[in-house]
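A short worksheet on the structure shown next.
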Amino acid sequence: MVFEPVIIWAALAADRVAGDPPNRWHPTAWLGGQFIGWWGGTPGRFSPSAERLYGVVCCLCTVVIFAIPFYLVSRFFPPLFYIVAGVVLLSLTVGWRSLEEHVAAVEQGGLSRGGGRDEVQMLVSRNTGTLSDEEVLSAAYESMAENLTDAIIGPLFWFTLGGLPGGAAVFRAANTMDAMLGYRDHRRYIGWFPARLDDVLCYLPHDLLVSAFFSGFFPLGVPVTPGGVCAAMHTCGRAIMGGYHHGARCRWHEDCLCKTECLYHRRWGGTEPPGGRACHRLCGSWGGDRYQRPHLHRSAPCGRCFIPHLFSLKVGLSLGCGFVPDHVFIAVSQQDVKTMKLEELRFGTELVKRGFAAMQKGGVIMDVVNAEQAMIAEEAGAVAVMSLERVPSDIRKAGGVARMADPAKVTEIIDSVSIPVMGKARIGHFVEAQVLEALGVDMIDESEVLTPADEDYHIVKSAFTVPFVCGARNLGEACRRINEGAAMIRTKGEAGTGNVVEAVRHMRAITSGIHELQGMDDIEIAARARAIEAPFEILKDCAVRGRLPVVNFSAGGIATPCDAAMMMQLGCDGVFVGSGIFKSETPAEMARAIVEAVNHYDDASVIAEVSRGLGNAMPGLDIHTLPENEVLRFRGN
Amino acid sequence: MGINIGVCALQGDVSEHVAAFKAALLASGQEGEVFSFRRAADISRCDAIVLPGGESTTISRLLHKNDMYGPLRAFKGGIFATCAGLVLIGREIDDPRVEPLGIMDISVGRNAFGRQRDSCERSVTITGENPPFRGYFIRAPVILSVGPDAMPLCYADHNVVGAVQGPHMALSFHPELGGEISVSTCSFWNALVHTHRHDRQFQG
Chain C
283 MVFEPVIIWA ALAADRVAGD PPNRWHPTAW LGGQFIGWWG GTPGRFSPSA
333 ERLYGVVCCL CTVVIFAIPF YLVSRFFPPL FYIVAGVVLL SLTVGWRSLE
383 EHVAAVEQGG LSRGGGRDEV QMLVSRNTGT LSDEEVLSAA YESMAENLTD
433 AIIGPLFWFT LGGLPGGAAV FRAANTMDAM LGYRDHRRYI GWFPARLDDV
483 LCYLPHDLLV SAFFSGFFPL GVPVTPGGVC AAMHTCGRAI MGGYHHGARC
533 RWHEDCLCKT ECLYHRRWGG TEPPGGRACH RLCGSWGGDR YQRPHLHRSA
583 PCGRCFIPHL FSLKVGLSLG CGFVPDHVFI AVSQQDVKTM KLEELRFGTE
633 LVKRGFAAMQ KGGVIMDVVN AEQAMIAEEA GAVAVMSLER VPSDIRKAGG
683 VARMADPAKV TEIIDSVSIP VMGKARIGHF VEAQVLEALG VDMIDESEVL
733 TPADEDYHIV KSAFTVPFVC GARNLGEACR RINEGAAMIR TKGEAGTGNV
783 VEAVRHMRAI TSGIHELQGM DDIEIAARAR AIEAPFEILK DCAVRGRLPV
833 VNFSAGGIAT PCDAAMMMQL GCDGVFVGSG IFKSETPAEM ARAIVEAVNH
883 YDDASVIAEV SRGLGNAMPG LDIHTLPENE VLRFRGN
Chain F
6 MGINIGVCAL QGDVSEHVAA FKAALLASGQ EGEVFSFRRA ADISRCDAIV
56 LPGGESTTIS RLLHKNDMYG PLRAFKGGIF ATCAGLVLIG REIDDPRVEP
106 LGIMDISVGR NAFGRQRDSC ERSVTITGEN PPFRGYFIRA PVILSVGPDA
156 MPLCYADHNV VGAVQGPHMA LSFHPELGGE ISVSTCSFWN ALVHTHRHDR
206 QFQG
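Each protein sequence line maps, in turn, to chains C and F. By our numbering, the letter at position 326 of the first sequence is numbered 608, and the numbering carries on one by one without gaps. By our numbering, the letter at position 99 of the second sequence is numbered 104, and the numbering carries on one by one without gaps.
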C-alpha cells in the first residue's frame, strides 16, 4: 500500500511528540491486567499444565481482542480516515518517546545514589535496590537497547510485513503480555507461552537490527577506542555467550548496542567497555529472572574470554543465534515439571507436630485474653500466645467451672498476631479440642487450669492434626502424655499463684527421673516403666537421648525474669508465663524482660539489667494455704 | 583448616541444627566445629552461620535487641537459613512486622501454606537429575520471587522452597528434623561455603 510509508513516519512522529498513554489507560496493559487479575496471581493454586494452558488462552485472547479495532480500521475505513486512524493506532504500538524518557530519567538521577533505581526497576522489571550506580546506568542502557526492538523495530517490521492488525497489533499485544508475564518467578508457567511467542515474533526484527548494527558498529567502534577491534569482538562474543547461557535467543544485540554506546560516549571514562569477567560466572548460572534476559553486567575487562568468544560467535551464528540453549532450557524446565509430580501430602505427622514444638524452643509463650494483650506479647518478642477466657489467677478468683475460651475471642486473637496462637481445652474434653482445631489454633493445651471434663481419660491426641501440649509433674506422667500423642510437655507447676516452687519441683522430678534411667539396663527400665506407669519404649527413648523425646517447657508460677531464667538453667526448653505478665504492674516491660531473661538465661548481668525497675510482679499466693479443691496440679493423671 | 559453623541461638530449633551439622561434618570427613552463639561479638568467630527455624517475628526482634542486624549483614561467610531464617535472609517480606536482612536476592511470603493444621510433609524436588525427597514444612514460608543474584534450588509443587546465592543457602522446609535429606543438605552447604572460602582466599 502506498500509505504505509506515510503512516510509519507520521506514527513515529506522533509517538515522539505525544508519548504513550499511562499504563492504566494503555489498552494492552489493561486487557492483560484483567486476565491476570482473574487468575489471581496466586502461585500453586492450579497445576503447572493448567497454568500454562491458561497462559496460552489468555495471551491469545488478548492478542485477538487487541487486534480487532485494528482490523476494523484497516478493513472498512476510507483512505483518508485510514491514514489518520492508522497513525493513531500504530503510534499506540510503538514506544519511542516513553523509552527515551525512562532512560533519560535514569541517566539524570542515576549518578546520585538512590536515584534512578525506581525507573530502572520499571524498565527491567526487577529489584534494583542492591545495584551500584554503574550497574543502574548499565541496566538502563541495556534495556534501552533491548526495548529498541520491542518498542520500535518490532512493530514497524511487522507492520510492514503484515499490516496493521496482523502485524503491528499482534506484535504489540504479544510483546506486552510477555513483559507482564514472562518471568521465572511464580509466573513461570503462566508466562511460558507469552515468552515463547514473543521470542518467535522478535526473532526476525532482532536479526534485522543486529545486521544493521554490525554494519554500523565497526566503522564506529574502531576509531573510538585504541584496540577497538579486539574490544568490539570481545563485546559481541560475550554478548552471544551470555545469550547462549540464558536461553536468550538473539537478544545479544542489546549488549552490543549498549557497549557501542559506552564506547562512543566514553561513559565509564576508560577505553574498555564494561562487561567481562562476570561472564564466566554468567555462563555457569541460570539466575536470570526473565526467560530472555541475561544478568546485569559487571565491569571488569577480561582478555581471557576473547578466543572462546570468537569461537562462540562463529558457532552461534551458524546455529541460528542460540537455538540450542533455548532448546536445552525448555528441556530443563520440563524436567522440573516431570519430577514435581506431587506425592501424597502428610498432615499432622508426629514429626510435623514435634517439629512445630521444636520451633518454639528458647521462647516465651504468654497467656493473653484479648487481641490487645496478644499484640503486646508479640511486640515484646513472645514466641506464641495462649488464648484464654481468663488468666489462671482470675480463674482461681472466679471459681466455678472454667471452660474453653469463647471462639470469637480465639479468632480475634488469631487475626491480630502473626506468631502462633494456642488454645486451652479441658482435660479429656475432645470436642473442645476439635473446636479449637477447627478455629485454626496452632497448638492445643490440654490443661489442668481448666476444670477437667474427664477424670479417667485424657484426649487421644494422636488423632488430631494439630499438636498438643500437656502438663506433667513427673516422668511417668510426661511419658503417658507423650504416649497419647502430646508433641510437647510442660511442667504443671501451680498456675495462677506466682509461686515458682512447684514448677521447680516438677522440672527436677522429670530431669532426675531421666538421669536415673540413664544408668539402667533394659530390664531395670522395664521395672521402672511398671512402677511409674509409663510405656517402656518412651522411657528407653528418654534414656538414650538423656532428655524427653519432645520439647519440654516450664509453666505454672513463673512471675519474674529470674524465675524464667532459673527454669531455663534447670534444663527446660522455654517457658509459659500465665498470669505473671498481665497481672504485673507493667505488663509490656515485664514481657520484654522475661523474653530477654530467657534469651540470656545464663548471663546474670543481663538478667539484672532487664529486671531493673519493673515494679511489682503479680501478687503471689501461698500454696500451702490453698484448699485442696483449688490445687490445680493434682488434676489429670 | 577446620570450619567454624555458628548456629544463631536466639530462638528456635538450635540443637537440631547443631546435631545435623555435626553429623554432616562427620559424614563428609571435614574438620570443623559446630557451636551455638547468642551475641553479636561471636559472629567474628564464625566461618559460616546458621539461622535456624523458629518464629521469625521473635527472632527478628531478638536480632534487634542484640544488635545483630549490622554484623550479620556485614558477615562475609556463608549463611544457611531454615524456615524463619529464610524469612529473615531475604530482601523483601510480605509482612512489615519482620525486618529482612537483605542478604539474599529473594522475596518471601510468610506462612504461605497456612497455619499449623496446614503444615505437612510434602515432596520436594531439587533442580537437576535428583530424585524427589520428603520435606517437613511447618508454618513454612515460600520464596515468591528469585532475583537475578539468587538461584532457585528446590521446588514443592511449583512453589520455590529453596534458593542459593553464592555461599548462602535458604530452605523453607526443615532438613535438620531428619530424614534422608538432612545430612546431604548440610554437606552440600558445607561444600558451598568451602568453595567460596577457597575462592576468596585465592582472589586475595
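For every residue, glycine included, the Cβ atom is placed at its ideal position computed from N, Cα and C. Because the structure is a prediction, the values reported are computed rather than measured.
From the DSSP secondary-structure annotation, give me the bridge partner or partners of F/Leu56. The count along the second sequence starts at 1 and reaches residue 56 of chain F at position 51. Paired residue(s): F/Ala86.
Return helix, strand or coil for C/Thr922, following the three-state DSSP convention. Any question about residue 922 of chain C goes unanswered here, given that chain C covers just 283 to 919.
Beta-carbon spacing of F/Val113, F/Val129 below 9 Å | Against the second sequence, residue 113 of chain F aligns to sequence position 108. Against the second sequence, residue 129 of chain F aligns to sequence position 124. F/Val129 is positioned such that its CB atom lies no closer than 9 Å to that of F/Val113.
request  = Measure from the C-beta of C/Pro280 to each C-beta in chain F and report whether the shortest distance is under 9 Å.
outcome  = Any question about residue 280 of chain C goes unanswered here, given that chain C covers just 283 to 919.
*asked:* Taking the beta strand (DSSP E) that C/Glu891 belongs to, which residues open and close that run?
replied: Walking along the first sequence from the start, residue 891 of chain C turns up at place 609. No beta strand (DSSP E) contains C/Glu891, which is instead part of the alpha helix (DSSP H) from 886 to 893.
CB contact check: C/Thr868 to chain F, cutoff 9 Å
Taking the first sequence and counting its residues from 1, the one referred to as residue 868 of chain C is at position 586. False, the Cβ-Cβ gap to chain F never drops below 9 Å.
Interface residues of chain C facing F/Lys70 [CB-CB closer than 9 Å]:
As a position in the second sequence, residue 70 of chain F is number 65, starting the count at 1. Neighbours of F/Lys70 on chain C, chain order: Gly663, Arg874, Val877, Glu878, Asn881.
Residue from C/Met789, C/Val692, C/Gly767 whose Cα sits closest to the Cα of C/Arg755: Locating residue 755 of chain C in the first sequence gives position 473, counting from the first residue. If we check each option's Cα against that of C/Arg755, C/Met789 comes out closest.
Fill in: C/Met850 - containing alpha helix (DSSP H), residue span
By one-based count along the first sequence, residue 850 of chain C stands at place 568. From DSSP, the alpha helix (DSSP H) with C/Met850 extends over 843 to 851.
Three-state secondary structure assigned by DSSP to C/Arg708: Taking the first residue of the first sequence as 1, we reach residue 708 of chain C at position 426. C/Arg708 falls in the strand class under three-state DSSP.
Contact the segment 336 to 344 of chain C vs the segment 452 to 466 of chain C: 3+ CB pairs below 8 Å: Yes: the two stretches touch, three or more of their Cβ pairs being nearer than 8 Å.
Practice problem: Look at the alpha carbon of C/Met648 and the alpha carbon of F/Val151, and state the distance between them as a whole number of angstroms. | Solution: Here the question's residue 648 of chain C lines up with position 366 in the first sequence. Here the question's residue 151 of chain F lines up with position 146 in the second sequence. Their Cα atoms are separated by approximately 36 Å.
Exercise for review: Please list, in chain order, all residues of the same chain as F/Ile131 whose beta carbon is under 7 Å from its beta carbon, the five residues on each side excluded.
Suggested key: To locate residue 131 of chain F, count along the second sequence from 1; it is residue 126. Same-chain partners within the cutoff: Leu158, Cys159.
Beta carbon proximity, F/Cys88 to chain B, threshold 9 Å:
The chain labelled as chain B is not found among the protein chains of the depicted structure, namely C and F.
Could you compute how far the alpha carbon of C/Pro330 sits from the alpha carbon of C/Gly464? On the first sequence, position 48 is the one that residue 330 of chain C refers to. On the first sequence, position 182 is the one that residue 464 of chain C refers to. When rounded, the distance between both Cα atoms is 15 Å.
| query | Expressed to the nearest angstrom, what Euclidean distance is found between the alpha-carbon atoms of F/His199 and F/Glu97? | reply | The residue given as residue 199 of chain F occupies position 194 in the second sequence. The residue given as residue 97 of chain F occupies position 92 in the second sequence. The alpha-carbon atoms of F/His199 and F/Glu97 are separated by roughly 27 Å.
Practice prompt. Check whether the Cβ atoms of C/Gly838 and C/Gly895 sit closer than 9 Å, and answer yes or no.
Written response: Position 556 of the first sequence, counted from the start, is the residue given in the question as residue 838 of chain C. Position 613 of the first sequence, counted from the start, is the residue given in the question as residue 895 of chain C. Remark: C-beta atoms of C/Gly838 and C/Gly895 do not approach each other more closely than 9 Å.
* To do: With DSSP collapsed to three states, give me the class of C/Gly368.
  => Counted from its first residue, the first sequence places residue 368 of chain C at position 86. Here C/Gly368 sits in helix by DSSP.
- prompt: C/Thr747 versus chain F: which residues are under 7 Å apart at the beta carbon?
  reply: Here residue 747 of chain C corresponds to residue number 465 of the first sequence, with the count starting at 1. The answer, in chain order, is Arg122.
Take every Cβ of the segment 442 to 450 of chain C, pair it with every Cβ of the segment 342 to 358 of chain C, and state whether three or more of those distances are shorter than 8 Å. yes
Exercise. Note down the Cα distance separating C/Val634 from F/Ala45, rounded to an integer number of angstroms.
Key: Here residue 634 of chain C corresponds to residue number 352 of the first sequence, with the count starting at 1. Here residue 45 of chain F corresponds to residue number 40 of the second sequence, with the count starting at 1. Those two C-alpha atoms are separated by around 31 Å.
(Q) Just to confirm the assignment: which complete beta strand (DSSP E) runs, minimum length 3, are found wholly within the segment 720 to 795 of chain C? (A) Whole beta strand (DSSP E) segments, 3+ residues: 725 to 729, 750 to 754, 770 to 773.
Notebook entry, point to check: Considering only C-alpha positions, which residue in the set C/Val369, C/Thr747, C/Glu871 is nearest to F/Ile143?
Noted result: Counting from one through the second sequence, the residue named residue 143 of chain F turns up at place 138. Among C/Val369, C/Thr747, C/Glu871, the Cα nearest to that of F/Ile143 is on C/Thr747.
Note to self: Please return the same chain residues whose Cβ sits closer than 7 Å to the Cβ of C/Val288, not counting the five positions on each side in sequence.
What the structure shows: In the first sequence, counting from the first residue as 1, residue 288 of chain C sits at position 6. Excluding sequence neighbours, C/Val288 sits near Ile365.
Exercise for review: Tell me whether C/Glu632 is buried or exposed, calling it buried when 16 or more other Cβ atoms sit within 10 Å of its Cβ.
Suggested key: Reading the first sequence from its first residue, position 350 is the one you call residue 632 of chain C. It is exposed - the Cβ of C/Glu632 has fewer than 16 other Cβ atoms within 10 Å.
Using beta carbons (cut-off 9 Å, strictly below), is F/Leu15 in contact with chain C? Here residue 15 of chain F corresponds to residue number 10 of the second sequence, with the count starting at 1. Taking Cβ atoms only, chain C reaches closer than 9 Å to F/Leu15, which makes this a yes.
request  = Report the residue from C/Thr442, C/Val667, C/Pro909, C/Arg470 whose alpha carbon sits nearest the alpha carbon of C/Phe864.
outcome  = Position 582 of the first sequence holds residue 864 of chain C. Measuring from the Cα of C/Phe864, the nearest candidate turns out to be C/Val667.
Here's the rule: buried if 16 or more other CB atoms are within 10 angstroms of the residue's CB, otherwise exposed. What is C/Gly797? For the purposes of this step, residue 797 of chain C is taken as the residue at position 515 of the first sequence. First, the residue type needs correcting, since residue 797 of chain C is His and not Gly in the sequence shown. Result: exposed.
Practice prompt. Using a Cβ cut-off of 7 Å, pull out every chain F residue sitting near C/Tyr336, in sequence order please.
Written response: For the purposes of this step, residue 336 of chain C is taken as the residue at position 54 of the first sequence. Result: empty, since nearest Cβ-Cβ is about 13 Å, beyond 7 Å.
Taking CB distances under 9 Å as the criterion, tell me whether F/Arg43 reaches chain C.
Translated into positions along the second sequence, residue 43 of chain F becomes position 38. Cβ-Cβ to chain C under 9 Å: yes for F/Arg43.
Cβ-Cβ distance between C/Glu766 and C/Val731 below 9 Å
Residue mapping note: residue 766 of chain C aligns to position 484 of the first sequence, counting from 1. Residue mapping note: residue 731 of chain C aligns to position 449 of the first sequence, counting from 1. Not closer than 9 Å, so no.
### Query
By Cβ distance below 6 Å, which residues in the same chain neighbour C/Arg563 in space, the five residues on each side in sequence not counted?
Taking the first residue of the first sequence as 1, we reach residue 563 of chain C at position 281. Summary for C/Arg563: the model assigns pLDDT 26, below 50, so the residue's position carries little reliability, and this model does not support an answer.
Are there 16 or more other CB atoms within 10 angstroms of the CB of F/Glu21, so buried, or fewer, so exposed? For the purposes of this step, residue 21 of chain F is taken as the residue at position 16 of the second sequence. Looking at its Cβ environment, which holds 16 or more other Cβ atoms inside 10 Å, F/Glu21 is buried.
message: On the DSSP letters alone, give me the boundaries of the beta strand (DSSP E) that F/Ala254 sits inside.
response: The question about residue 254 of chain F has no answer, for chain F in this structure spans 6 to 209.
Per DSSP, what are the beta-bridge partners of C/Val880 in this structure?
Here residue 880 of chain C refers to the residue found at position 598 of the first sequence. In the DSSP secondary-structure assignment, C/Val880 is not bridged to any residue.
| Measuring CB to CB, does F/Asp52 end up less than 9 Å from F/Ile94? | Taking the second sequence and counting its residues from 1, the one referred to as residue 52 of chain F is at position 47. Taking the second sequence and counting its residues from 1, the one referred to as residue 94 of chain F is at position 89. F/Ile94 is positioned such that its CB atom lies no closer than 9 Å to that of F/Asp52.
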